[in-house]
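Quick note on this note's numbering: the sequence shown kicks off at 210 and runs consecutively. No residue lacks a Cβ here, since even glycine has one placed at the ideal position from N, Cα and C. A quick write-up on the structure given underneath.
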Amino acid sequence: MVSALAVVALVAVVWFGFGWAKALIVDRSVAETRDAALAGAFQATINLNSVDAQDVDASLDNMRSSITGDALLGDLAATEQQIRDQVTATGTSMSAEVLFGSLTELNTDDDVAKALVVLAVRTTTPENYVVNKVSVNASMAKDGDVWKAVTIEPLGSVAMEEGPTAGTQPAPSEPVPGEPAPAEPAPVPEGAATP
């Protein structure tokens with residue numbers, strides 16, 4: 210009886226020890242991979258939706274640092290001069306922040322993943338700004354130790370906020386056609402008390 214109980218106890222120790230070791234080693238490794246892939250997706254979508262009009266070179270370097278594969282690298286190389294010209298001509302800057310996101314797929318054997326990311330993208334010109342909620346699907350792959358975007362698929366954009374850029378004055382209002390112009394104040398005779 211005692212030896213039977215010892216065998217049962219040994220089996221229990223082995224079984225639960227295996228479960229504990231699996232949770233510590235395998236599950237923890239998958240969780241860390243998932244977190245790294247999602248963090249890479251967040252950084253890639255931020256970098257690809259941000260341009261600083263004061264430092265376009267750094268913005269383009271940030272974009273390059275977050276992408277891999279011929280498709281995105283080729284697209285960036287093909288549009289780089291257009292980005293420079295547009296920013297120079299308009300003084301437009303963009304900045305993005307993540308509202309929320311999650312991985313929709315993860316393959317730890319091949320180190321690839323897909324993520325859905327929702328961003329608030331603020332586009333600022335010298336006169337105005339607009340904030341859009343932008344949703345994207347990002348296909349990710351591990352490049353060395355860094356998770357980078359292989360493809361980015363925009364899903365939609367919704368305006369959230371807009372207005373004049375801080376420090377600018379709103380344009381004077383134009384009279385509406387068909388409405389009488391406001392009356393000029395009557396001249397005050399010299400020496401009369403003014404209200």
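In DSSP terms, what residue i is bridged to
| i | result |
| --- | --- |
| Arg-331 | Ser-304 and Val-340 |
| Val-367 | Lys-342 |
| Gly-372 | Tyr-338 |
| Leu-312 | Ala-324 |
| Glu-362 | Asn-346 |
| Asp-318 | Answer is none; Asp-318 lacks a bridge partner. |
| Asp-352 | Val-355 |
Which listed residue (the options) has its alpha carbon closest to that of residue i
| i | options | result |
| --- | --- | --- |
| Asp-319 | Ser-366, Met-272 and Gly-353 | Gly-353 |
| Leu-364 | Asp-266, Lys-357 and Asn-346 | Asn-346 |
| Ile-276 | Ile-255, Leu-308 and Tyr-338 | Ile-255 |
| Leu-269 | Arg-293, Val-307 and Glu-306 | Arg-293 |
| Val-359 | Gly-278, Asn-337 and Gly-300 | Gly-278 |
| Thr-297 | Val-260, Val-326 and Ala-286 | Val-260 |
| Thr-334 | Phe-251, Ala-262, Gly-249 and Arg-237 | Ala-262 |
| Thr-317 | Met-272, Asp-284, Met-349 and Gln-252 | Met-349 |
| Val-307 | Val-321, Glu-289, Gln-290 and Val-326 | Val-326 |
| Thr-242 | Ala-286, Glu-336, Lys-323 and Ser-366 | Lys-323 |
| Asn-340 | Ala-305, Val-355, Leu-315 and Trp-356 | The identity of residue 340 in the sequence shown is Val, whereas the question assumes Asn. Of the listed residues, the one whose Cα sits closest to Val-340 is Ala-305. |
| Ala-280 | Ser-344, Asn-271, Ile-361 and Ala-248 | Ile-361 |
| Thr-301 | Val-355, Trp-356 and Val-265 | Val-265 |
| Leu-328 | Ala-246, Asn-337 and Phe-309 | Phe-309 |
Host alpha helix (DSSP H) of residue i (start-end)
| i | result |
| --- | --- |
| Val-239 | 237 to 257 |
| Val-265 | 265 to 274 |
| Gly-283 | 279 to 299 |
With 16 other Cβ atoms within 10 Å as the buried cut-off, status of residue i
| i | result |
| --- | --- |
| Arg-331 | buried |
| Leu-257 | buried |
| Thr-313 | exposed |
| Gly-376 | exposed |
| Ser-238 | exposed |
| Val-367 | exposed |
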